[in-house]
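Student:
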Amino acid sequence: MSPERTKLATVTDAVIVGAGPVGLFQVFELGLLGLRAELIDSLPVIGGQCTELYPDKPIYDIPAIPVCTARELIERLAEQIRPFSAGLHLGQEVTSVQKREDGRFDVETSRGARFDAGAVIIAGGVGSFQPRRLAVPGADAHEGTAIHYRVKDAEHFRGRDLVILGGGDSALDWTLALAETAHSVVLVHRRPEFRAAPASVERMHALREAGRIDHLEGQVQSLIEDGGALRGVRVATRDGLTRSVSLEHLLIFWGLHPKLGPIANWGLTLHRKTIPVDTARFQTNVPGVFAIGDINDYPGKKKLILSGFHEAALTAFAVREHLRPGEKVHLQYTTTSPVLQKRLGVGTASPDHDVPDAARTQAKAAAP
Ligand code: FAD
Numbered sequence: 193m194s195p196e197r198t199k200l201a202t203v204t205d206a207v208i209v210g211a212g213p214v215g216l217f218q219v220f221e222l223g224l225l226g227l228r229a230e231l232i233d234s235l236p237v238i239g240g241q242c243t244e245l246y247p248d249k250p251i252y253d254i255p256a257i258p259v260c261t262a263r264e265l266i267e268r269l270a271e272q273i274r275p276f277s278a279g280l281h282l283g284q285e286v287t288s289v290q291k292r293e294d295g296r297f298d299v300e301t302s303r304g305a306r307f308d309a310g311a312v313i314i315a316g317g318v319g320s321f322q323p324r325r326l327a328v329p330g331a332d333a334h335e336g337t338a339i340h341y342r343v344k345d346a347e348h349f350r351g352r353d354l355v356i357l358g359g360g361d362s363a364l365d366w367t368l369a370l371a372e373t374a375h376s377v378v379l380v381h382r383r384p385e386f387r388a389a390p391a392s393v394e395r396m397h398a399l400r401e402a403g404r405i406d407h408l409e410g411q412v413q414s415l416i417e418d419g420g421a422l423r424g425v426r427v428a429t430r431d432g433l434t435r436s437v438s439l440e441h442l443l444i445f446w447g448l449h450p451k452l453g454p455i456a457n458w459g460l461t462l463h464r465k466t467i468p469v470d471t472a473r474f475q476t477n478v479p480g481v482f483a484i485g486d487i488n489d490y491p492g493k494k495k496l497i498l499s500g501f502h503e504a505a506l507t508a509f510a511v512r513e514h515l516r517p518g519e520k521v522h523l524q525y526t527t528t529s530p531v532l533q534k535r536l537g538v539g540t541a542s543p544d545h546d547v548p549d550a551a552r553t554q555a556k557a558a559a560p
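Residue numbers (the numbering used here): 193 to 560.
(1) For ligand 1, is there any heavy atom lying closer than 7 Å to the beta carbon of residue 255?
(2) Beta carbon of residue 246: closer than 7 Å to some heavy atom of ligand 1?
(3) Checking the sheet assignment: what are the DSSP bridge partners for residue 260?
(4) Under the criterion of a Cβ to heavy atom distance below 7 Å, does residue 209 qualify as lining ligand 1?
(5) Here's a check: name, in chain order, each residue in its chain whose Cβ is nearer than 6 Å to the Cβ of residue 221, leaving out the five neighbours to either side.
(6) Nearest-angstrom Cα distance between residue 280 and residue 213?
(7) Tell me the rounded alpha-carbon separation between residue 329 and residue 339.
(8) Which runs of the beta strand (DSSP E) spanning at least 3 residues fall entirely within the stretch 277-349, listed in chain order?
(9) Any heavy atom of ligand 1 closer than 7 Å to the beta-carbon of residue 454?
(10) Of the choices 428, 359, 333, whose alpha-carbon is the least far from that of residue 422?
(11) Determine the contact status of residue 223 and residue 473, defining contact as a CB-CB distance below 8 Å.
(12) Identify the continuous beta strand (DSSP E) that holds residue 202 and give its terminal residues.
(13) At what residues does the beta strand (DSSP E) containing residue 450 begin and finish?
(14) Looking only at C-alpha atoms, which of 526, 246, 366 sits nearest to residue 379?
(15) State the Cα-Cα distance for the pair residue 208 and residue 512, rounded to the nearest angstrom.
(16) Put residue 414 into one of helix, strand or coil per three-state DSSP.
(17) In terms of residues, what are the limits of the beta strand (DSSP E) holding residue 421?
(18) Distance check for residue 306 and residue 204, CA to CA, integer angstroms please.
(19) Do residue 317 and residue 210 have their C-beta atoms closer together than 8 Å?
(20) Measure the C-alpha to C-alpha separation of residue 525 and residue 532 and round it to an integer number of angstroms.
(21) Between which two residues does the alpha helix (DSSP H) containing residue 400 stretch?
(22) Over the uninterrupted beta strand (DSSP E) stretch that includes residue 244, give me the two end residues.
(23) Among 321, 481, 326, 397, which residue has its Cα nearest to the Cα of residue 453?
(24) Within the continuous beta strand (DSSP E) that includes residue 381, where are the two ends?
(25) Who are the near neighbours of residue 352 in its chain, counting only those whose CB is closer than 7 Å to its CB and skipping five residues on each side?
(26) With a CB to CB cut of under 6 Å and the five nearest residues on each side skipped, what residues in its chain are close to residue 529?
(27) When the Cα atoms are used, what is the spatial distance from residue 206 to residue 243?
(28) Is residue 213 near ligand 1, in the sense that its beta carbon is under 7 Å from a heavy atom of that ligand?
(29) If we call anything under 8 Å between Cβ atoms a contact, is residue 152 one with residue 282?
(30) Do residue 480 and residue 514 come within 8 Å of each other at the CB atom, strictly closer than that value?
(31) Under the rule that 16 or more other beta-carbon atoms within 10 Å means buried, what is residue 301, buried or exposed?
(32) Any idea which residues DSSP pairs residue 271 with across the strands?
(33) Return the CA-CA distance between residue 427 and residue 260, expressed in angstroms with no decimal places.
(34) Should residue 437 go down as buried or exposed, given a rule of 16 or more other Cβ atoms within 10 Å for buried?
(35) DSSP has residue 531 in a bridge; who is on the other side?
(36) Rounded to the nearest angstrom, what separates residue 355 and residue 385 at their Cα positions?
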């Protein structure tokens, strides 16, 4: 490895691939054992499936929480791991994991972030979520300029002519929100039925009747371009006609689909898009690479958040053993252990988690 790469890489005890509920809880379990983590997710927000697929649905099977929404669960996890100040790197996919000769790992993301990690924990769920893209010629060239799969800043669309594609909650929510500020909004959905909340659909119809938005039942057939700029779309409507709709921005909300993606190229044994692990350490076939949550596989595996939490606890001990072989780790209770309370920042002394692992080990070696 070149000296430049070493200089740029963030040195850490562990990189966690995936900031779903299980990846988040892994930060906590590592933190209790005095280990630092960097958390990476391809999505721009934490929470994995909970945030992307069912944020407002109630969950009833989290121990000691009789009911909470998926969004609340993620908020609580975020609060619980705050004392450990894990680095959070969102909106970037982990593209490469390579084991070095010294046993550590070089990890890289799609945005060029680099990590030098003692261990890698894959909490990638069903894979990294990708937007369902518009498959008409030329669409890729406009992505990020005139074609958008996500709204980063609603102000960007103020006073503009917009076409929105989709019939789910995101499509309807943005139609209602942007109708307030855009110059024009046309919602295009291929069916008369919508998957969005009935109240949103009702409001959309009311806006349409008031002439504030337009709504077409049909599918985009092709783009209308002029000098390289996107000017409109041709929509094949259900009555068999093709209508040209002019626009400045095309927003597409067709949902997300999971893709195992680059994880398949890291030299790991795979079984039907999952990663086999042992049930004592949750280690993969590559020593130092662990897999927890929905992405792993072992006899009796159940894809539940609860199972992922248990796996995270045991993995933390396994990672600690991997990083400091032979060093005894005593099981301690958060209720009574001053060391754990110090790490949690609830004891009287300040937490020691910001002392680099190597420095801590040296300090210990130097102690009488
Ligand atoms: P995920 O939540 O899938 O998160 C994985 C994350 O990894 C994603 O954010 C993804 O973007 C990221 N990722 C993947 N690959 C990469 C990469 N290469 N680079 C960067 N990031 C990457 N479970 C329960 O226990 N109780 C319930 O009531 C319940 N209800 C559910 C309801 C629905 C509708 C659904 C769909 C699931 C439900 N589940 C429930 C299942 C539960 O959501 C999953 O078990 C849980 O989300 C798994 O967590 P995870 O952290 O392993 O993975």
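Built from N, CA and C at the ideal position, the CB exists for glycine as well. For clarity, every value in this text was computed on a predicted model and none was experimentally measured.
Tutor: From the atom records:
(1) As a first step, residue 255 is located in the sequence shown; it is residue number 63 there, counting from the start. It does not: the Cβ of residue 255 is nowhere closer than 7 Å to a heavy atom of ligand 1.
(2) Reading the sequence shown from its first residue, position 54 is the one you call residue 246. Yes, ligand 1 has a heavy atom inside 7 Å of this Cβ.
(3) Numbered from 1 along the sequence shown, position 68 holds the residue referred to as residue 260. Residue 260 pairs with 251.
(4) Walking along the sequence shown from the start, residue 209 turns up at place 17. Residue 209 Cβ: within cutoff of ligand 1.
(5) In the sequence shown, residue 221 corresponds to position 29, counting from 1. Excluding sequence neighbours, residue 221 sits near 504, 505, 508.
(6) As a working mapping, residue 280 is identified with position 88 in the sequence shown. As a working mapping, residue 213 is identified with position 21 in the sequence shown. Spanning the two alpha carbons is a distance of roughly 14 Å.
(7) Along the sequence shown, one-based indexing puts residue 329 at 137. Along the sequence shown, one-based indexing puts residue 339 at 147. Roughly 13 Å between the two C-alpha positions.
(8) 279-281, 286-291, 297-301, 306-314, 320-323
(9) Position 262 of the sequence shown, counted from the start, is the residue given in the question as residue 454. Residue 454 Cβ: within cutoff of ligand 1.
(10) One-based indexing of the sequence shown puts residue 422 at position 230. Nearest C-alpha to residue 422: 333.
(11) Position 31 of the sequence shown, counting from 1, holds the residue named residue 223. Position 281 of the sequence shown, counting from 1, holds the residue named residue 473. Going by C-beta atoms, residue 223 is not nearer than 8 Å to residue 473.
(12) The count along the sequence shown starts at 1 and reaches residue 202 at position 10. Counting along the chain, the beta strand (DSSP E) containing residue 202 begins and ends at 202-209.
(13) Here residue 450 refers to the residue found at position 258 when the sequence shown is read from its first residue. Element bounds for residue 450: 448-451.
(14) Counting from one through the sequence shown, the residue named residue 379 turns up at place 187. For residue 379, the nearest C-alpha among the options comes from 366.
(15) As a first step, residue 208 must be located in the sequence shown, where it is residue number 16. As a first step, residue 512 must be located in the sequence shown, where it is residue number 320. Rounded to the nearest angstrom, the two C-alpha atoms are 14 Å apart.
(16) If you number the sequence shown from 1, residue 414 lands on position 222. Strand.
(17) Taking the first residue of the sequence shown as 1, we reach residue 421 at position 229. Counting along the chain, the beta strand (DSSP E) containing residue 421 begins and ends at 421-429.
(18) The sequence position of residue 204 within the sequence shown is 12, counting from 1. The sequence position of residue 306 within the sequence shown is 114, counting from 1. The alpha-carbon atoms of residue 204 and residue 306 are separated by roughly 11 Å.
(19) Counting from 1 along the sequence shown, the entry for residue 317 is found at position 125. Counting from 1 along the sequence shown, the entry for residue 210 is found at position 18. Cβ atoms of residue 317 and residue 210: closer than 8 Å.
(20) As a position in the sequence shown, residue 525 is number 333, starting the count at 1. As a position in the sequence shown, residue 532 is number 340, starting the count at 1. Residue 525 and residue 532: Cα-Cα distance of roughly 8 Å.
(21) Here residue 400 is taken as the residue at index 208 of the sequence shown, counted from 1. Counting along the chain, the alpha helix (DSSP H) containing residue 400 begins and ends at 390-401.
(22) Position 52 of the sequence shown holds residue 244. Run containing residue 244: none in the beta strand (DSSP E); it sits in the alpha helix (DSSP H), 240-245.
(23) Here residue 453 refers to the residue found at position 261 when the sequence shown is read from its first residue. The candidate whose alpha carbon is nearest that of residue 453 is 321.
(24) Stepping through the sequence shown from its first residue, residue 381 is reached at position 189. From DSSP, the beta strand (DSSP E) with residue 381 extends over 376-381.
(25) Residue 352 sits at position 160 when you count from the first residue of the sequence shown. The answer, listed in chain order, is 374, 375, 440, 441.
(26) Counting from one through the sequence shown, the residue named residue 529 turns up at place 337. If we look at residue 529 and ignore the five residues flanking it on each side, it has no Cβ neighbours.
(27) Here residue 206 refers to the residue found at position 14 when the sequence shown is read from its first residue. Here residue 243 refers to the residue found at position 51 when the sequence shown is read from its first residue. Spanning the two alpha carbons is a distance of roughly 24 Å.
(28) Here the question's residue 213 lines up with position 21 in the sequence shown. Residue 213: yes, Cβ under 7 Å from ligand 1.
(29) This structure gives no information on residue 152, because the portion of the chain shown stretches from 193 to 560.
(30) Locating residue 514 in the sequence shown gives position 322, counting from the first residue. Locating residue 480 in the sequence shown gives position 288, counting from the first residue. Yes, Cβ-Cβ distance for residue 514 and residue 480 is below 8 Å.
(31) By one-based count along the sequence shown, residue 301 stands at place 109. Classification of residue 301: buried, given that the 10 Å Cβ count is 16 or more.
(32) The count along the sequence shown starts at 1 and reaches residue 271 at position 79. Partner(s): none; residue 271 has no beta bridge.
(33) As a position in the sequence shown, residue 427 is number 235, starting the count at 1. As a position in the sequence shown, residue 260 is number 68, starting the count at 1. Computed Cα separation, rounded: 42 Å.
(34) Walking along the sequence shown from the start, residue 437 turns up at place 245. Residue 437 is buried by the Cβ-count criterion.
(35) As a first step, residue 531 must be located in the sequence shown, where it is residue number 339. For residue 531, which the question treats as bridged, DSSP gives no partner whatsoever.
(36) As a working note, residue 355 is residue 163 in the sequence shown. As a working note, residue 385 is residue 193 in the sequence shown. Using only the alpha carbons, I get a separation of about 19 Å.
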